[in-house]
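The sequence shown begins at 0 in numbering that gives the first Met the number 0 and counts up by one.
Virtual Cβ for every residue (Gly too), placed ideally from N, Cα, C.
Source: prediction; values computed, not measured.
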Amino acid sequence: MAADVQNKKGETRAVLYIVSGQGDADAIKLRRDATIIGREKGDVLITDHEVSSTHCQIQNINGVYHIFDMNSTNGTFVNKNRVVKSRLNHDDEIMIGKTVFKFSLEEGAKVRHINTIFKSQHNTEGGTKGSLVDTLIEDEVRRKKSFSLRLDVKYADGVTESIDVPQKQVYLGRGTSFGRFENDVEISRKHLLIKLNDHGEVFVEDQNSTNGTYLNGSKIKGMHPLRVADIIKLGGIEVRVSVKTA
0 MAADVQNKKG ETRAVLYIVS GQGDADAIKL RRDATIIGRE KGDVLITDHE
50 VSSTHCQIQN INGVYHIFDM NSTNGTFVNK NRVVKSRLNH DDEIMIGKTV
100 FKFSLEEGAK VRHINTIFKS QHNTEGGTKG SLVDTLIEDE VRRKKSFSLR
150 LDVKYADGVT ESIDVPQKQV YLGRGTSFGR FENDVEISRK HLLIKLNDHG
200 EVFVEDQNST NGTYLNGSKI KGMHPLRVAD IIKLGGIEVR VSVKTA
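Structure below.
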């Protein structure tokens, strides 16, 4: 069907139709060159803590649309597959945070009424596009406010310790070079990922461990945001995560 649409006479425009998620419009017409999607700046603004400030970009390259993940925290998905870059075809499903779009190629005359600027319902920022350069400059300014992780760990034998982690991304498991994780036979060598983004938000993701990771008593799959009071359990070890600001 994509080939049929692309071969029609006249201008072809790409449209994102909202399948699920919060929004104040049913569709967004993509720009002819590049459309930026993110939580804070861009053509398509989505108020969702799982969406990065500048999350991804859809580019029209010689009449063919491609989507590029822009090093987002939680990833960009096309037809349920996480992608770094991917060609887009008519009727492809794109998932960004909790919002699902259908990518469609339409005759330009039929979609003239559809806006190219979109804000999700609860976004209070202005609706004009900030350039990618401006966005990257703002991100660099934000990075001057430094965040780091602190892990408060309680081992199966009751011993506790606090560990300061300088990295923004750390794996916990029997292969971890700090703490006493190697002593717990119930956890995998690479059991859990803890990820801190540039906004001071923390996410955790089980790494297909043998016995699973539990967040507040519930087994998790995929990426989950972490709050201050949350308790992570892997094997017989409990971990609380907090963020230090410098």
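Can you tell me whether DSSP reads residue i as helix, strand or coil?
| i | result |
| --- | --- |
| Gln178 | Residue identity differs from the one stated: residue 178 is Gly in this sequence, not Gln. Coil. |
| Ala245 | coil |
| Lys28 | strand |
| Lys194 | strand |
| Gly37 | strand |
| Val110 | helix |
| Asp229 | coil |
| Tyr170 | strand |
| Ile136 | With a pLDDT of 49 at Ile136, under the threshold of 50, the modelled position of this residue cannot be trusted, and the question is left open. |
| Asp68 | strand |
| Val184 | coil |
| Ile246 | Residue 246 is absent from the structure shown; the chain starts at 0 and stops at 245. |
| Asn210 | coil |
Could you pull out every residue in the same chain whose Cβ sits closer than 6 Å to the Cβ of residue i, ignoring the five residues on either side in sequence?
| i | result |
| --- | --- |
| Tyr213 | Lys232 |
| Glu10 | Gly107 |
| Arg179 | Tyr154 |
| Lys39 | Looking at the sequence provided, one finds Glu at residue 39 rather than Lys. So the qualifying residues of the chain are Ser52. |
| Val238 | Leu150, Val152 and Ile231 |
| Asp163 | Arg149 |
Can you give me the C-alpha to C-alpha distance between residue i and residue j, rounded to a whole angstrom?
| i | j | result |
| --- | --- | --- |
| Ser161 | Ile45 | 36 Å |
| Thr53 | Ala245 | 23 Å |
| Gly199 | Leu225 | 11 Å |
| Asp205 | His112 | 44 Å |
| Val201 | Leu150 | 12 Å |
| Ala248 | Val152 | Since the displayed the chain opens at 0 and closes at 245, residue 248 lies outside it and no answer follows. |
| Ser85 | Glu49 | 21 Å |
| Gln168 | Asp91 | 31 Å |
| Asn207 | His190 | 7 Å |
| Ala155 | Arg173 | 14 Å |
| Glu105 | Asn59 | 14 Å |
| Asn196 | Gly37 | 14 Å |
| Arg188 | Ser51 | 29 Å |
| Gly157 | Asn80 | 41 Å |
| Ile186 | Gly221 | 18 Å |
| Asn215 | Tyr170 | 19 Å |
| Ser145 | Ser241 | 14 Å |
| Lys243 | Thr34 | 35 Å |
| Gly62 | Ser103 | 14 Å |
Mind checking who residue i pairs with in its DSSP beta bridge?
| i | result |
| --- | --- |
| Lys220 | Looking at the DSSP assignment, Lys220 forms no beta bridge with any residue, so it has no partner. |
| Lys153 | Thr159 and Glu237 |
| Val83 | Looking at the DSSP assignment, Val83 forms no beta bridge with any residue, so it has no partner. |
| Asp205 | Leu191 |
Enumerate in chain order the residues of its own chain whose CB-to-CB distance from residue i is below 8 Å, with the five nearest sequence positions on each side excluded.
| i | result |
| --- | --- |
| Asp25 | Tyr16 and Ile17 |
| Val99 | Ile17, Val18, Ser19, Gly20, Glu92 and Ile93 |
| Gly235 | Tyr154, Ala155, Asp183 and Glu185 |
To which residues of the same chain is residue i closer than 7 Å at the C-beta, ignoring the five residues directly before and after it?
| i | result |
| --- | --- |
| Cys55 | Ile36, Ile66, Phe67, Asp68, Met69, Ser71, Thr75 and Ile95 |
| Gly211 | Asp205 and Lys218 |
| Pro165 | Ser147 |
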